[in-house]
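As you go down the protein sequences, you meet chains A and B in turn. The first sequence begins at 3 in the numbering used here and counts up one residue at a time. The second sequence begins at 5 in the numbering used here and counts up one residue at a time. Here a beta-carbon is modelled for each residue, glycine too, at the ideal position from N, C-alpha and C. No experiment lies behind these values; they were computed from the predicted model shown. Have a look at the structure below before the remarks.
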Amino acid sequence: MNKSVFLLLSICFVAGTAFAAEPVKIGLMGPITGSWASEGQEMKQVVDLLVEEVNAGGGVNGRKVEVITEDDGGDPRTAALAAQRLATMGVIAVIGTYGSAVTEATQNIYDEAKIVQISNGSTAIRLTEKGLKQFFRTCPRDDEQARVAADAIRKLGVKKLAILHDNSTYAKGLADETKGLLAGEKGVEIVFFDALTPKEQDYTTILTKMKAVNPDFVFFTGYYSEAGLLLKQRKEMGWNVPFMGGDATNNPDLVKAAGKDAAAGFYFVSAPLPKDLPSKEAKDFVAAFAKKYGNPPNSIYPVLAGDGFRVITYAIAQAKTTDPDKLTDYLHTGLKDFPGLTGKISFNEKGDRIGEVYKVYRVDSEGRFILQP
Amino acid sequence: MELFAQQFTNGLAVGGIYALIALGYTMVYGVLKLINFAHSDLFTLGSYLGLTLITSRLLSGLGPLWGTVLLALMVMGMIALTGALLDRAAYRPLRQSPRLSAVVSALGASIFLQNAIMLIYGARNQVYPQNILPKMTLSAFGVQIPLVRILVLCSSLAMMGALYFFVQRTKVGTAIRAAAIDQGAARLMGIDVNRVILMVFMIGPAMGGAAGLLVGLYYGQINFTMGWSYGLKAFTAAILGGIGNIPGAMVGGLLLGIIESLGAAYVSLAYKDAIAFLVLILILILRPTGLLGERVAEKV
């Protein structure tokens, strides 16, 4: 009898210590391969760095944090598989991912598995209009971006506007939204609205077609790879129309592809660049990142993934639980003005980030991104 | 009219690239009845090797013309070797297996190559130096054509011409054609079929590698996934012209480029690819063997 009590106690004890030592598992889902691999690999670098910092400081609630990375390949189908794998691994929350269409393919999987999802780069409006309680994002939404873009277009005194997108969830959403905002206005006429095929290299057909309707400003809502080629080929055609891009054109590779002379004068709307982040946390982080990897982060989205990670670990520490419902409640209502790397973070009832984030940038003749007043 | 001419030349330049890549698909298919999915990645590899050679400044003393010619020859040579290696590693062991095994092996080789390029060169876009080819724009009758475009088109036409001559007039070319018609009979005639296949796996990829280099030199921005889009189009071009037929691949490539360009200009930009594939379907309904495809004789 005594023996069995002892056995039972020791089992409890062993199980108890095992439980205490069990790390907090957080998933990171990002495009480690595929055409957005540069974003995904930097996401992993950012989160790896932050995990090291957290664990060096004793973890959260006395438990170490373990990050499990899954590759979504920038592709919705791959992402759905990655999400299913993560859901079976006992993760509490998932950070990611970048593309809106990719995130959309995984939302319901995480929702059913009761896993908190914090996207870092998916700005499509409808992602937070579905009533999924456990979905959050550290990036702003496209309607906010469209509002800032439309303001910039008005301010620049554009009369004949061309809008070009690439048919992706994100780019088309931003294009439609901007068109909607400007459509009723007398001053601005939208003379061109169409889509290109992403991942091609020859866009002279599109540029020739666009030039024929003679716009005085072009708003391209797609990604930086295409934007760089558009700028370069526009220059080769001897056409000097000013271009503006959405936040997906915010990448120094754009200038490399277009060349400094073709990129000069290009406007883009974006969350602030890592180098322009004002807070002390951000400056320390950028310095630590540069020290570890040899260069500062190139893009803001990996830093937003870092903010997702910091928010969730902070929430676990504050709410002293890993229960998804309690964490969700805390993120919706408890978290106020958390000092994130990209500014203060709070979430509204939809899971969207509150506050203005977008800024207008312009490329100068040296290829630097200059924040516009 | 000016607009039409401009769009037509835009299409020709892209079509030239499609045609060069399509040659690799069509030659391999002609001899082995195999779709070499890894071909598009050899094309990408050509682009990257070109970049490595340029940034290594190995050829910088030679001046732009001879430097570029030598560069092209080196890239073609290296890609030809890679093609031969690919045949040895991925296809030759499966020569007696069902055709499906070889197709799966081709897919595997494609994934392997693409990820190898990513691991070696990184996932970010790479950019060619801007000042290799002269930046001049010719304008005639209101049509603006950058000189580089004409160079791209001319060099792809020249390579296709050389290949056509090689296949039609030389002994090795005759052997390739013989093996394409009937491997067994060719073997009985004393042709070393394995050698012919090796040859095909060197010439096709060399053309693809050259196309990759041209893309890099002209468009400047390369990415490890770029082969997919070009590969799909080039494969379509090969079918359009009649797969297995060398002049067919050339005609199909140029035609596809022009259809795309004019379709985008006069119908819809967003449906550019849909228009191109619609034309493909129509042509295949009317001529199931493609434009220049030969009627396949029943083998008795």
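Any idea what DSSP makes of residue i, helix, strand or coil?
i, result
"R65 (chain A)", "strand"
"I34 (chain A)", "coil"
"E187 (chain A)", "coil"
"Q47 (chain A)", "helix"
"Y205 (chain A)", "coil"
"I201 (chain B)", "helix"
"P341 (chain A)", "strand"
"K346 (chain A)", "strand"
"G29 (chain A)", "strand"
"D73 (chain A)", "strand"
"R128 (chain B)", "coil"
"L256 (chain A)", "helix"
"G247 (chain A)", "strand"
"K135 (chain A)", "coil"
"K262 (chain A)", "helix"
"S114 (chain B)", "helix"
"Q11 (chain B)", "helix"
Counting only beta-carbon atoms, is residue i nearer than 7 Å to chain B?
i, result
"S37 (chain A)", "yes"
"Q47 (chain A)", "no"
"S170 (chain A)", "no"
"R131 (chain A)", "Looking at the sequence provided, one finds Glu at residue 131 (chain A) rather than Arg. Closer than 7 Å: no."
"M387 (chain A)", "Residue numbering for chain A in the displayed model covers 3 to 375; residue 387 (chain A) lies beyond these limits and cannot be assessed."
"M246 (chain A)", "no"
"A197 (chain A)", "yes"
"T2 (chain A)", "Because chain A in this structure spans residues 3 to 375, residue 2 (chain A) falls outside the shown range and cannot be described."
"T206 (chain A)", "yes"
"S40 (chain A)", "yes"
"L231 (chain A)", "yes"
"A259 (chain A)", "yes"
"S227 (chain A)", "yes"
State the Cα-Cα distance for the pair residue i and residue j, rounded to the nearest angstrom.
i, j, result
"I149 (chain B)", "K211 (chain A)", "15 Å"
"M31 (chain B)", "T240 (chain B)", "14 Å"
"A317 (chain A)", "G20 (chain B)", "57 Å"
"F245 (chain A)", "A115 (chain A)", "44 Å"
"T80 (chain A)", "E187 (chain A)", "42 Å"
"A289 (chain A)", "P280 (chain A)", "13 Å"
"L176 (chain A)", "D144 (chain A)", "6 Å"
"K293 (chain A)", "I34 (chain A)", "22 Å"
"E283 (chain A)", "E44 (chain A)", "19 Å"
"G261 (chain B)", "I25 (chain B)", "13 Å"
"T3 (chain B)", "F371 (chain A)", "In the structure displayed, chain B extends from 5 to 304; residue 3 (chain B) sits before or after that span and is not available."
"M86 (chain A)", "I111 (chain A)", "Looking at the sequence provided, one finds Gln at residue 86 (chain A) rather than Met. One C-alpha to the other measures close to 7 Å."
"L296 (chain B)", "A278 (chain B)", "23 Å"
"E238 (chain A)", "D73 (chain A)", "38 Å"
"K162 (chain A)", "F219 (chain A)", "7 Å"
"V215 (chain A)", "A151 (chain A)", "22 Å"
"Q203 (chain A)", "V69 (chain A)", "37 Å"
"I136 (chain B)", "Y234 (chain B)", "23 Å"
"V73 (chain B)", "L62 (chain B)", "13 Å"
"T180 (chain A)", "T171 (chain A)", "14 Å"
"Q311 (chain B)", "Q320 (chain A)", "Given a span of 5 to 304 for chain B in the structure shown, any question on residue 311 (chain B) remains unanswerable."
Does any residue of chain A bring its CB to less than 7 Å from the CB of residue i?
i, result
"P150 (chain B)", "yes"
"Y22 (chain B)", "no"
"A113 (chain B)", "no"
"Y52 (chain B)", "no"
"A9 (chain B)", "no"
"Y223 (chain B)", "yes"
"N135 (chain B)", "no"
"R128 (chain B)", "yes"
To the nearest whole angstrom, what separates the beta carbons of residue i and residue j, a pair I think is in contact under 8 Å?
i, j, result
"V193 (chain A)", "L184 (chain A)", "Not quite, the Cβ-Cβ distance comes to about 12 Å (not below 8 Å), so this is no contact."
"D339 (chain A)", "K328 (chain A)", "20 Å between Cβ atoms; not a contact."
"T140 (chain A)", "I127 (chain A)", "Actually they are not in contact, since the Cβ atoms of T140 (chain A) and I127 (chain A) sit about 16 Å apart, beyond 8 Å."
"T125 (chain A)", "Q147 (chain A)", "6 Å"
"V313 (chain A)", "G342 (chain A)", "7 Å"
"V359 (chain A)", "A154 (chain A)", "About 15 Å separates the two Cβ atoms, so there is no contact after all."
Is any non-hydrogen atom of the ligand COA found closer than 6 Å to the C-beta of residue i, if you look at the structure I gave you?
i, result
"T130 (chain A)", "Inclusion of the ligand COA in the displayed structure is not the case, the ligand content being empty and no account of it being possible."
Does any CB atom of chain E fall closer than 7 Å to the CB of residue i?
i, result
"G159 (chain A)", "Absent here is chain E; the protein component of the structure consists of chains A and B."
Residue ranges of each beta strand (DSSP E) within the stretch 130 to 154 of chain B, 3 or longer | 141 to 144 and 147 to 150
Can you list, in chain order, the stretches of the alpha helix (DSSP H) that have 4 or more residues and sit fully within the stretch 88 to 133 of chain A?
-> 102 to 114
Report the residue ranges of all alpha helix (DSSP H) runs contained in full by the stretch 210 to 245 of chain A; include only those spanning at least 4 residues, in chain order.
-> 226 to 238
Kindly provide the ranges of any alpha helix (DSSP H) runs that are 4 or more residues long and lie completely inside the stretch 228 to 263 of chain B, ordered along the chain.
-> 230 to 245
Let me know the beta strand (DSSP E) ranges lying completely inside the stretch 20 to 70 of chain B, each 3 residues or longer, listed in chain order.
-> none
At 3 residues or longer, and completely inside the stretch 146 to 174 of chain A: list those beta strand (DSSP E) runs for me, N to C.
-> 162 to 167
Could you give the uninterrupted runs of the alpha helix (DSSP H) lying entirely in the stretch 281 to 330 of chain A, keeping only those of 4 residues or more?
-> 282 to 295 and 302 to 321
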